[in-house]
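Protein chains in written order, with our numbering: chain G, 18 to 170; chain D, 18 to 170; chain B, 18 to 170; chain E, 18 to 170.
Number of protein chains: 4
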Amino acid sequence: MAAQSEQILAMAANIFLEKIAFHKMLQLQLQHYSLDRVELAIDMRPELMGNPHHQILHGGVTATLLDGAAGMTALAGIINNHPELSAAELATRLSNLGTIDMRVDYLRPGRGNRFIATGQVIRTGNKVAVIRSELHNEDGEHIAFGTCTYLVG
Amino acid sequence: MAAQSEQILAMAANIFLEKIAFHKMLQLQLQHYSLDRVELAIDMRPELMGNPHHQILHGGVTATLLDGAAGMTALAGIINNHPELSAAELATRLSNLGTIDMRVDYLRPGRGNRFIATGQVIRTGNKVAVIRSELHNEDGEHIAFGTCTYLVG
Amino acid sequence: MAAQSEQILAMAANIFLEKIAFHKMLQLQLQHYSLDRVELAIDMRPELMGNPHHQILHGGVTATLLDGAAGMTALAGIINNHPELSAAELATRLSNLGTIDMRVDYLRPGRGNRFIATGQVIRTGNKVAVIRSELHNEDGEHIAFGTCTYLVG
Amino acid sequence: MAAQSEQILAMAANIFLEKIAFHKMLQLQLQHYSLDRVELAIDMRPELMGNPHHQILHGGVTATLLDGAAGMTALAGIINNHPELSAAELATRLSNLGTIDMRVDYLRPGRGNRFIATGQVIRTGNKVAVIRSELHNEDGEHIAFGTCTYLVG
């Protein structure tokens with residue numbers, strides 16, 4: 018079972034990083050992905066900046082990281098809740114996981130060299146999952162957080 | 018006065034499209050920008066896709082478009098409300114315009130060849146502006162909408 | 018069919034106003050309820066005030082009105098989409114209609130003698146409905162708006 | 018200084034519970050209020066129910082509790098950040114504290130005999146504060162959480 022979970026997570030990570038073209042363009046990195054913890058990271062570079070004066074991370078990148086970490090957290094939650102599902106069934110679930118809505122709270126200007134998004138399951142049910150995600154920089158400063166609602170059924 | 022407004026909008030459009038590197042990478046287009054109306058557009062291409070199965074626009078691109086159209090609408094609202102401000106003062110306002118929070122409602126899968134985001138001022142004050150933005154595809158299908166709160170003071 | 022719809026709306030209105038004790042305590046009024054339009058109203062009185070200095074409507078009453086109008090709009094949307102459902106089936110749907118999340122934007126201080134909340138269907142599907150609702154006072158001033166997501170499946 | 022803070026919190030608690038008529042009608046209780054922690058409570062009773070079938074807390078009461086706990090947390094945050102402010106200045110701040118927007122996530126049906134709302138400062142600045150609040154029942158079940166943005170300047 019544990020072996021199967023790991024295999025599924027590895028498959029999901031591969032789809033997330035390699036098959037979703039926008040993630041490749043952004044050069045997202047899954048620096049950790051287990052059933053318990055997601056760490057989605059990105060290194061700062063000029064193309065990701067949103068404000069030429071302040072040289073900070075663009076809010077759209079922030080939103081993408083928060084949604085990405087939350088979605089991967091939701092998937093891990095489904096795997097946790099449904100150990101009976103086969104890899105094929107989970108792949109279908111993953112492909113149908115849809116964001117219903119997302120709120121992003123921008124707390125501080127996105128200064129830093131590397132940003133890490135993490136997620137936490139708040140609600141998980143047969144139909145809807147709610148995930149809270151956070152974005153920090155390499156110094157642990159809290160840049161933004163997200164509240165994401167997914168249709169999982 | 019009108020001439021000054023147009024000049025300021027042109028300057029803001031130039032900063033938005035040329036100086037914000039993330040917008041250049043995405044290849045955003047301001048197909049219309051006046052004090053009354055903002056139309057921020059993007060042409061679909063593989064790098065913008067979020068779901069390899071469904072070939073739809075990535076939710077992070079959707080969020081970026083909704084935030085971008087809303088921010089440009091907020092700026093037009095400031096110009097409308099403060100005809101006395103000089104170009105330099107407005108440039109400072111633009112540079113300090115900060116997103117406090119944003120909600121995105123994803124209504125339909127982002128299918129289409131071209132996506133257009135528009136904005137509407139809901140609240141405009143000395144400190145806070147609230148803008149509602151919408152994303153449609155080239156057939157007029159409503160893909161998503163945003164509710165964005167900005168610090169404008 | 019039309020006659021059945023009217024009967025169901027009347028039944029739903031009765032439950033909403035008479036069986037939900039909190040609505041009775043607040044003295045909510047459905048000044049209009051048809052498949053096309055919901056108008057949920059309340060008359061100002063001291064118990065509904067939120068700020069002793071400014072004598073304005075309490076934000077919790079605002080939230081209740083926005084959620085109430087949105088929920089009744091979602092129900093009307095279900096009836097519109099499913100003319101084949103019997104009264105009993107719709108009653109079950111009504112009883113299971115659950116708010117997933119709600120965002121309230123407070124635009125202006127809630128001054129006025131009477132407040133009217135209306136709703137508009139933004140998304141309606143088999144599983145999730147998104148409704149936007151607005152609160153105005155008797156002079157048509159826009160006090161607040163809501164964005165409400167419901168589980169309808 | 019500490020003595021002054023306690024005096025101001027006591028004054029704020031008195032306004033919150035006694036001078037805001039809607040809170041009196043709901044019979045809100047501040048079971049704890051210090052600079053570090055807010056616990057806003059309510060005992061279940063029929064008038065607070067939102068669903069006659071399920072006998073659960075009305076979502077509007079939930080929203081009121083989440084907003085109330087968040088607002089009192091924001092005020093405590095202002096006092097923490099500005100030990101130099103006099104009682105009169107803080108009273109003015111309190112009176113001007115305005116909710117910009119609020120998101121409520123409804124996680125579980127509101128079953129229970131007593132509900133307790135708590136708050137946590139996420140962002141606190143000169144202009145805007147963001148507070149996250151949570152509602153639990155007497156068994157510690159997490160019923161809902163709120164994300165509230167306040168204008169504090």
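Just so it is clear, CB atoms sit at the ideal spot from N, CA and C, and this is done for glycine as well.
Compare the C-beta of residue i against all C-beta atoms of chain E and say whether one is closer than 8 Å.
{"i": "R140(G)", "result": "yes"}
{"i": "A27(B)", "result": "no"}
{"i": "D118(D)", "result": "yes"}
{"i": "K41(D)", "result": "no"}
{"i": "M18(D)", "result": "Note on M18(D): pLDDT 48, under 50, position unreliable in the model; the coordinate value appears next. No, M18(D) does not count as interfacial toward chain E."}
{"i": "S112(B)", "result": "yes"}
Grab me the residues of residue i's own chain with a C-beta within less than 7 Å of its C-beta, minus the 5 sequence neighbours each way, in chain order.
{"i": "R128(G)", "result": "I73 and N154"}
{"i": "L92(B)", "result": "A29, L111 and L114"}
{"i": "G76(G)", "result": "G67 and Y123"}
{"i": "V121(B)", "result": "T79, A80, L83, A161 and G163"}
{"i": "G170(E)", "result": "N143 and K144"}
{"i": "H71(E)", "result": "P126"}
{"i": "E106(D)", "result": "none"}
Under a CB-based cut-off of 8 Å, is residue i close to chain B?
{"i": "T109(D)", "result": "no"}
{"i": "K36(G)", "result": "no"}
{"i": "P100(E)", "result": "no"}
{"i": "M61(E)", "result": "no"}
{"i": "A104(E)", "result": "no"}
{"i": "H153(E)", "result": "no"}
{"i": "I32(E)", "result": "yes"}
{"i": "G67(E)", "result": "yes"}
DSSP beta-bridge partners for residue i?
{"i": "L107(B)", "result": "According to DSSP, L107(B) bridges with nothing at all."}
{"i": "T166(B)", "result": "D118(B) and V147(B)"}
{"i": "A161(G)", "result": "Y123(G) and L152(G)"}
{"i": "V138(G)", "result": "I148(G)"}
At least one CB of chain G closer than 8 Å to the CB of residue i: is that the case?
{"i": "D53(B)", "result": "no"}
{"i": "F162(E)", "result": "yes"}
{"i": "T166(B)", "result": "yes"}
{"i": "G88(B)", "result": "no"}
{"i": "G76(B)", "result": "no"}
{"i": "E64(D)", "result": "yes"}
{"i": "T135(D)", "result": "no"}
Residues of chain A with CB under 7 Å from residue i, in chain order?
{"i": "V147(B)", "result": "No chain A appears in this structure, whose protein chains are G, D, B and E."}
Less than 8 Å between C-beta atoms, sequence neighbours within five positions excluded: which residues of the same chain meet that for residue i?
{"i": "Q21(G)", "result": "A104"}
{"i": "L34(D)", "result": "H40, K41, L45, Q46 and L47"}
{"i": "D58(B)", "result": "A quick correction: the sequence has Ala, not Asp, at residue 58(B). Here the set comprises L45, Q46, L47, Q48, R131, F132, I133 and A134."}
{"i": "M52(B)", "result": "Checking the sequence, you will find Leu at residue 52(B) rather than Met. So the list reads S22, L26, A93, I96 and N97, once near-sequence residues are dropped."}
{"i": "M18(E)", "result": "For M18(E), the pLDDT reaches just 48, beneath the cut-off of 50, and the residue's location in the model is therefore unreliable, although a value from the coordinates is still provided. P100."}
{"i": "M119(D)", "result": "A80, L83, D84, A87, G163, T164, C165 and T166"}
{"i": "L102(D)", "result": "I95, I96 and R110"}
{"i": "A43(D)", "result": "The sequence shown places Leu at residue 43(D), not Ala. Correct list, in chain order: I59, L65, V78 and T81."}
Cβ of residue i less than 8 Å from any chain D Cβ?
{"i": "G170(E)", "result": "yes"}
{"i": "G129(G)", "result": "no"}
{"i": "A80(G)", "result": "yes"}
{"i": "D84(G)", "result": "yes"}
{"i": "H159(G)", "result": "no"}
Quick one: residues in its chain with C-beta nearer than 6 Å to the C-beta of residue i, no 5 flanking neighbours on either side, listed in chain order?
{"i": "S150(D)", "result": "L83, A86, A87, A134, G136 and G163"}
{"i": "L168(D)", "result": "G115 and I117"}
{"i": "H159(B)", "result": "L124 and H153"}
{"i": "I37(E)", "result": "none"}
{"i": "V147(G)", "result": "I139, R140 and T166"}
{"i": "M89(D)", "result": "V55"}
{"i": "D7(B)", "result": "No information on residue 7(B) is available, as it lies outside the stretch 18 to 170 that chain B covers here."}
{"i": "Y50(D)", "result": "L26 and A30"}
Query - Entirely enclosed beta strand (DSSP E) segments - the stretch 82-134 of chain G, minimum 3 residues - result: 115-123
Query - Cβ contact (3+ pairs, closer than 8 Å) linking the stretch 60-67 of chain B and the stretch 48-67 of chain E - result: no
Query - Inside the stretch 18-74 of chain G only - alpha helix (DSSP H) runs reaching at least 4 residues - result: 19-31 and 38-43
Query raised in the report: Taking three-plus beta-carbon pairs below 8 Å as touching, is the stretch 129-148 of chain G in contact with the stretch 84-99 of chain G?
Result: yes
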